[in-house]
Structure formats: C-alpha cells, structure tokens
Ligand code: HEM
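Residue numbers (my numbering), protein chains in the order written: chain A, 444 to 957; chain B, 51 to 356.
Encoded structure:
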C-alpha cells in the first residue's frame, strides 16, 4: 500500500533507546494515517470471506471446495481462508485497529475536556489573513462590540470580550463530543460482541409434528456455546410441535416460493403446570427469558415400516429427510441395526415427483402434490459398534452390500431381493427446524450502535467555528464612519468554512438583522 | 386478474420515465457541447496570438452568461418530470403487488433509480447542480435499463422472511444511501478529471471535493443506520444479528471504506485525489453488494427473486 506522504519532511527515524522506540511505535500506531491504512486492511481482509465458502456458515461447501482444488485448497485452509472472520490475521487487523482507536481517542478526550472549559482564544494580530470582511460604521467601538456580543450570545456562541478591542467567539463543541461518543460507542459495540461470543450459545434442532423438545444439551442436533457458557446456563423449558403450516406460491410469478410458514407449539416453562399455545413465525420468534426460539426451516419426514428376513417388525417410524433444493427434493437415510441382517437405506423423497435423464429423480414443486420415494437398500454391517459417532444423515456402506433400487408411492411395499426383508412407504409427516439462541450482548450492541449513530450525526453536522470581531477607530480618510470593524473566522473541519457565520455577524453589526 | 391493468400501467410509466430521462440526457449533452465550442473559440483566440478574435466566439458568449444554459434548464425540467413519472410507476407496482415495491431485484432497481434522481433533485433545490445532471441521468438510465431487461420479474407476494417493517426501514435507508453514494461518486470522479480541461462547466476541484465530502457525510450515518436496521431484522428472522453472510460482509466493507474516506479527508497527504479515489472505491463496494452478491453469490439475502 502506498504510504508516501506529500510533506517534504522525512519521517523521523526511530530512536535507539527502548523506551524511545516504544514511544515512537505508539505514535505511529495511533496516527491518523495508520488508522486509515488499518481500515483499508480490514476491508481487504473481509473480501475472501465473502468469496470463498466459510466453515461457520457452510462446512459442506468448504469440504467440496477443498476436494475440487487439491493443491490450493489445503494451502488456503491452513492459512485460515475458510474461516476468515476467526483467522489470526483478521484478528490481528482488528486488534491493531482497536488499540489504535483507544490510543487515539483517550488523549483526544483529555484535550477536548480542556477545550470545553476554556475561553475562545484572543484575536490573531492580522485578522484579515483569514476569511473575513472589513468595513466602517458610524457607531462607537463599544457599541459595535456590544452588538456583536449580544448577537453571538443569542446564537449560542461562547463569547469573550477584551475591553474595546475585540470579541472572540466559538461554537460547535458538540462536534468533537459527538466524534468521541462515536469512537467510544464503537468500542462498546466491540465489547458487546465479544461478551455475546463468550457468554452466548446457539443450538439447532429438528422436530417432527407431534414430537416434543426439552431444553437440554442432549436434545440438540447441533449446539455451540461461548467459552464461558455451560450446559447449566440453559433456561428450563419444553415444547411440543403441535402443528406446522406451510404454503407455497402457485401463481406463475416466483412459483414455489414460500408464502407462509408457521409453527403452533405448546410451551411449558419452568414451574408451569399447563402448557401455553404459542405461534412461531418467521420474524416472530418465541421469547423465553434470555433465549429466543426461531423457526428457521422445514422439510418432510417420510414414514416407513420395515420387516426383516424373519418377518419381524424392526422399524416403524418417520425419518426426517433434508431438503436439497427449493422444490424440496430431500435426502435421508434409515438404519435398521436390529434386523437380521442389519439393513441400511438411502432415500430421496420427492413431494412432487419427476424423473429425467439429466437430473434423475427430482421434485418440481415444494408442496406434496405427487409424493414418492426412491430407495436404495444395503445389507451387512452398519458399523454402529465401532465406537465412532455417526451422523444420522449419512450411511456408511464400507462393509455393506447393495441389494437394489426401487421407487415407491405412499402405501406401496418393496420386497427386498433375496428375501432380505420388506419395506413399506406408509406416508409422510412434516418437520420444522428451530434455532434456539441466547446472546446476552445484543442489547448493549444495539445501544452502542444507536449511540454511535447519534455521535456521528453530531460529529458530521455540527459546525465548529471560531470568529473574531475587531474594532479600531477609523483613520481620517475613512468614508462613512468613526469605527473600522474587522470580522473574520475559521472553521475546524475540512470541507467547512466560516464565510456564512462572518456574513451573519457583519449583518448583525451593521444592524441589518435583529 | 383485474390487477393486470395496474401491472401494465406500472410498466408503461417506467418506460415513459426512461424515455423522458433519455431526452433529459440529450439536452444535458447539448448543454455540455455548447460549452465545448466556447473552449474551441477561446483556444483559437490564444492560437492567433491575440490578434484575430473570432466573431463567433464573442457573439456566443455575449448575450448569455453561459452558453447552452437554456438546454440545461430544459434538461432539469425533464429530469423532474422523469422522476415524477417513475414515482407513479413505483407506486403502481406497489399497488399491484399489495405491499412495498421492494420484493425482488427488479423492484429494488426501479426504486433505486428513483433514489438516485431524488437525492440529486432535492439537492438541486438548494444549489445549482445543472453541471452534474448528465452524470446522474446516465446512471439512473442504466439502472432502469438493467431493471427492465435482465432483472424483470412479475410481481408476487413476499417470502415470509421479508415480511417485516424493519425491511421497509432498512431498504428505504439503503436506497437513499445508494442514491447519495452515486451522486458522491459522480462528484468524486469529476474532481479527479477537473484539472484536465475535458469538461468546462464543472466547479473547481476544491469545490467538487467539498461537495463529495458533504454528500458522504450525509450518507455515512444513514448507511450505518441501514446496516444496524438490517442487523435488527436479521436477529428477528434468523436468530443472529450478524453472521458474515456475503451481503452483510459487503455492507461492512462499504461502511469501512467510507469511514476510511472520512478519515482521509482529515489526514495530511490524503485529503484530495486519494480521498476521491476512496469515495469511488466505496461506491464500487456498494455496487458489488447490490448486483454482484444478489446475482452471483449464494447468500441468505439472495432469495428475493432476481
Ligand atoms: C475502528 C475504526 C474507526 C472507525 C470506524 C472510525 C470512524 C470515524 C468516522 C466515521 C469519522 C468521521 C467523523 C468526522 O469526519 O468528523 C471519524 C473521525 C475521526 N477519527 Fe475515526 N474511526 C476509527 C478509528 C480511528 C482511529 C484509530 C483514530 C486515531 C488515529 C481515529 C481518529 C479520528 C479523528 C481524529 C477523527 C476526526 C476527523 C475530523 O475531525 O474530521 N479514528 N472516525
């Protein structure tokens, strides 16, 4: 990054003593230019996080990416490119920025505290070097200054007067106040985010219609908590999913897009005897103490009855299948460890069935207008006794043998070849997935954000200006009056100037304005 | 459907607005070329060593202060007219769909074009911005062109995640920011070429830089607000207020780049050209977020129907 400074002066070399060096480093770190460069680096460092798939949001895609790019994949992985926002280099940038920010605003706080309580400084000797006007009036110097003073006070300038020589005034202290509020709120937001990360938790669970859930760690499909969170912090409650409704667009435009989904649950809080009915919708989570229950997804759970080779009923349940596309082509597996032999199935559930050569079996609409399943069956060892935990959504067929493939409609039965057993597709249920989350930092983050916006408003819209009115007896050659008046001012912010204020004061002194 | 009439009317208003904007652009262009002929005349004056002063050069500049101003005035009126027509088109679209007209990329885009025109026109009430006109009508026209060709979508209901009043607040703020960022990009871009003498009607570089700063200073807090409103909405819909989704990431990048712009304006050696380049980079980040992420990246936000 180009860092050439346009000043002719060379940056001083770092001093040799260690405390001197530390000071020099500190000054570099807290300089405006460093802040600027760090802001750039922060923007730059975020970009890969939006282009490459990220572990935090999409671990499956990450694995696919690495498999597809066997050379670059592992290198990028070891450099943290698939977890950018948790990577050491991303942290380095924002920590440096954070330190720079604190080192920058603390001294400014002190300076501003002093400035807030000091008087506007005396008029410079050569006032007309600044933006200003000079003119003559008939009034006496005292009258001119009094008039200027009154005008300025009324318009909430801070004013000092030195006898019959000059009046100095300043306004817009809130600009710097706002700026400091903004930078400090930013620190507050970062602390709130970190706090939420340490003490918050979040879990996901899939619940079929009619099923219940109670808020303990073991019931979650996935759960993650901050370093300072333990399972004991989970609030006690339970609910059952009584009923789940979903509707899809059937018109031509955006056909198949979801139009409504809502879950009716019966919630029992800690210490309550009777459950209460609660409706959970997208954008309308259920709130329980510090936790919120969000409806985040839904899908189908086809139901199967399975008999083994001996004719024993070994399975009779619904199995949640995971949607793979917008039309809910869904995949899932069934494991039957109690069968003789052990049986395993991989299935595709199609709410509205279609088959073509390119895509194979797929669904053409998300609603169950014409449901069917395509099942593949295996027998052998499911590998459940190996001690390695298995996902309920994948079937390990390493020590199994494939039996065959079959398509089934509701109520249809498939007699597995070789007398290995029978599977019946008896119907389907729906499931809903919920995210249950608690972020104890979010209120502080929200307050911090709004303070930041308010501070920004002040710091960008309040004009910090200084003006001086200087009077002297007019020389004999002066045309229309006995007093020469000089009015001039400066503005502190780049992009602002004091012309407007000077014009107002001139008008006031001349009596053209109340 | 009885609503078909509304849909047709909305589309017709959008096309009528494009036609009007096209005319406005032509008149702005005539205004500019009138300026060019003056430059040519002046050059001739210099070339002929102070002796021959072209008649044309003088007579052209005499009566009017600035040549071609009347074309600029016509162009401004046409721009107002185009914005009015577009407003009707957007409202009809909303009436047809029975909701805020921000349910998909087509609707975002026609409203954004309106946003660009609105920021420019409202600002032009306070100051003379005729010199800026063509740099506003062209981006607005391009946005509408994209909308009516590649992005066109039939109106439909909102997906459930979009049914939130935070959506209205968030999108409204973002659309106004989009308009303001576009205007700032125009002034920043002009400030970079203002010394080259290609265009004669624009203010000085210093003035253009100050104008850019003003607009960014206006839109930065609003953008901050838009991002926070989006976070509140995300918290309500998905249970987390920030998840580094590509759309969120680019909103953050845009925010950081404009923060860098504001810092650059107070940093020695960065105040002028470099700051203007940063303002352009910020606009680019905004555009990437707007078009790139919706169209090319699989994001939670890209379900609005391209
Ligand atoms: C952590 C990231 C930071 C962000 C997002 C940020 C944001 C901002 C913004 C938006 C402004 C504009 C206000 C204005 O123009 O008046 C500003 C001004 C300012 N910032 Fe920062 N800032 C950050 C870090 C820093 C750091 C590290 C420093 C110290 C080197 C710093 C020093 C300043 C100063 C001195 C101003 C006032 C400029 C002026 O008066 O025009 N900021 N900051």
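Don't be surprised by glycine CBs; every beta carbon is placed ideally from N, CA and C.
Quick caveat, the model's predicted, so the values are computed rather than measured.
7 Å Cβ cutoff, residue i in contact with chain A
{"i": "residue 313 of chain B", "result": "yes"}
{"i": "residue 265 of chain B", "result": "no"}
{"i": "residue 354 of chain B", "result": "Any reading at residue 354 of chain B must be qualified, since the residue scores a pLDDT of 41, below 50, and its modelled position is unreliable; no value is offered."}
{"i": "residue 226 of chain B", "result": "no"}
{"i": "residue 218 of chain B", "result": "no"}
{"i": "residue 98 of chain B", "result": "Its pLDDT being 38, under 50, residue 98 of chain B is placed unreliably in this model, and the value from its coordinates should be taken loosely. Chain A, which has no Cβ nearer than 7 Å to the Cβ of residue 98 of chain B, makes this no."}
{"i": "residue 146 of chain B", "result": "no"}
{"i": "residue 158 of chain B", "result": "no"}
{"i": "residue 317 of chain B", "result": "yes"}
{"i": "residue 300 of chain B", "result": "yes"}
{"i": "residue 250 of chain B", "result": "no"}
{"i": "residue 342 of chain B", "result": "no"}
{"i": "residue 117 of chain B", "result": "no"}
{"i": "residue 67 of chain B", "result": "no"}
{"i": "residue 55 of chain B", "result": "no"}
{"i": "residue 83 of chain B", "result": "no"}
{"i": "residue 231 of chain B", "result": "no"}
{"i": "residue 29 of chain B", "result": "Coverage of chain B is limited to positions 51 through 356, which leaves residue 29 of chain B absent and any answer about it impossible."}
Residue range of the unbroken alpha helix (DSSP H) whose run includes residue i
{"i": "residue 121 of chain B", "result": "119-147"}
{"i": "residue 859 of chain A", "result": "Here residue 859 of chain A belongs to no alpha helix (DSSP H); instead the beta strand (DSSP E) covers 856-859."}
{"i": "residue 506 of chain A", "result": "502-511"}
{"i": "residue 219 of chain B", "result": "215-243"}
{"i": "residue 314 of chain B", "result": "296-314"}
{"i": "residue 942 of chain A", "result": "942-953"}
Residue i at chain B interface by Cβ criterion, 7 Å
{"i": "residue 387 of chain A", "result": "In the structure as shown, chain A starts at 444 and stops at 957, and residue 387 of chain A therefore has no counterpart that could be examined."}
{"i": "residue 773 of chain A", "result": "no"}
{"i": "residue 446 of chain A", "result": "With a pLDDT of 39 at residue 446 of chain A, under the threshold of 50, the modelled position of that residue is not reliable, and the figure given next carries that caveat. Closer than 7 Å: no."}
{"i": "residue 579 of chain A", "result": "no"}
{"i": "residue 726 of chain A", "result": "yes"}
{"i": "residue 873 of chain A", "result": "no"}
{"i": "residue 543 of chain A", "result": "no"}
{"i": "residue 475 of chain A", "result": "yes"}
{"i": "residue 723 of chain A", "result": "no"}
{"i": "residue 511 of chain A", "result": "no"}
{"i": "residue 786 of chain A", "result": "no"}
{"i": "residue 525 of chain A", "result": "no"}
{"i": "residue 876 of chain A", "result": "no"}
Bridge partners - residue i, DSSP secondary structure assignment
{"i": "residue 927 of chain A", "result": "A/579, A/915"}
{"i": "residue 727 of chain A", "result": "A/724"}
{"i": "residue 785 of chain A", "result": "A/823"}
{"i": "residue 773 of chain A", "result": "A/766, A/792"}
{"i": "residue 845 of chain A", "result": "A/821"}
{"i": "residue 850 of chain A", "result": "A/817"}
{"i": "residue 647 of chain A", "result": "A/665, A/878"}
{"i": "residue 867 of chain A", "result": "A/748, A/856"}
{"i": "residue 4 of chain B", "result": "Nothing in the structure corresponds to residue 4 of chain B, since chain B is present only between 51 and 356."}
{"i": "residue 756 of chain A", "result": "A/750"}
{"i": "residue 804 of chain A", "result": "A/798"}
{"i": "residue 910 of chain A", "result": "A/612, A/932"}
Residue i, enclosing beta strand (DSSP E) - first and last residue
{"i": "residue 252 of chain B", "result": "Where residue 252 of chain B is concerned, there is no enclosing beta strand (DSSP E), given that its DSSP letter is neither H nor E."}
{"i": "residue 662 of chain A", "result": "Unbroken run through residue 662 of chain A: none, as it is neither H nor E."}
{"i": "residue 322 of chain B", "result": "Careful: residue 322 of chain B lies outside any beta strand (DSSP E) and carries neither H nor E."}
{"i": "residue 833 of chain A", "result": "Where residue 833 of chain A is concerned, there is no enclosing beta strand (DSSP E), given that its DSSP letter is neither H nor E."}
{"i": "residue 487 of chain A", "result": "Run containing residue 487 of chain A: none in the beta strand (DSSP E); it sits in the alpha helix (DSSP H), 475-494."}
{"i": "residue 742 of chain A", "result": "734-751"}
{"i": "residue 520 of chain A", "result": "First-last for residue 520 of chain A: 515-521, but that is the alpha helix (DSSP H), not the beta strand (DSSP E)."}
ask   = Per the contact definition of three or more C-beta pairs closer than 8 Å, is the stretch 627-634 of chain A in contact with the stretch 564-572 of chain A?
value = No, the stretch 564-572 of chain A does not touch the stretch 627-634 of chain A.
inquiry  = If we require 4 or more residues per run, which alpha helix (DSSP H) segments fall completely within the stretch 871-906 of chain A?
reply    = 885-904
inquiry  = Could you check whether the stretch 599-607 of chain A touches the stretch 553-563 of chain A, counting it as contact only if at least three pairs of C-beta atoms, one from each stretch, sit closer than 8 Å?
reply    = yes
query = In chain order, which continuous runs of the alpha helix (DSSP H) of length 4 or greater are located wholly inside the stretch 556-639 of chain A?
reply = 584-597
key: Inside the stretch 681-722 of chain A only - beta strand (DSSP E) runs reaching at least 3 residues   = 701-712
request  = Count the CB pairs spanning the stretch 544-558 of chain A and the stretch 923-931 of chain A that are closer than 8 Å, and state whether there are at least three.
outcome  = no
message = With three or more beta-carbon pairs closer than 8 Å as the criterion, would you say the stretch 499-515 of chain A touches the stretch 298-307 of chain B?
response = Under the three-pair Cβ rule at 8 Å, the stretch 499-515 of chain A does not count as touching the stretch 298-307 of chain B.
inquiry  = Contact between the stretch 268-287 of chain B and the stretch 471-480 of chain A is defined here as three or more beta-carbon pairs at a separation below 8 Å; is this criterion met?
reply    = no
request  = Count the CB pairs spanning the stretch 257-272 of chain B and the stretch 305-324 of chain B that are closer than 8 Å, and state whether there are at least three.
outcome  = These segments touch.
query = Below 8 Å, can you find three or more Cβ-Cβ pairs linking the stretch 182-196 of chain B to the stretch 64-82 of chain B?
reply = yes
task = Could you say if the stretch 703-710 of chain A and the stretch 682-691 of chain A meet the contact criterion of at least three C-beta pairs nearer than 8 Å?
result = Segments in contact, yes.
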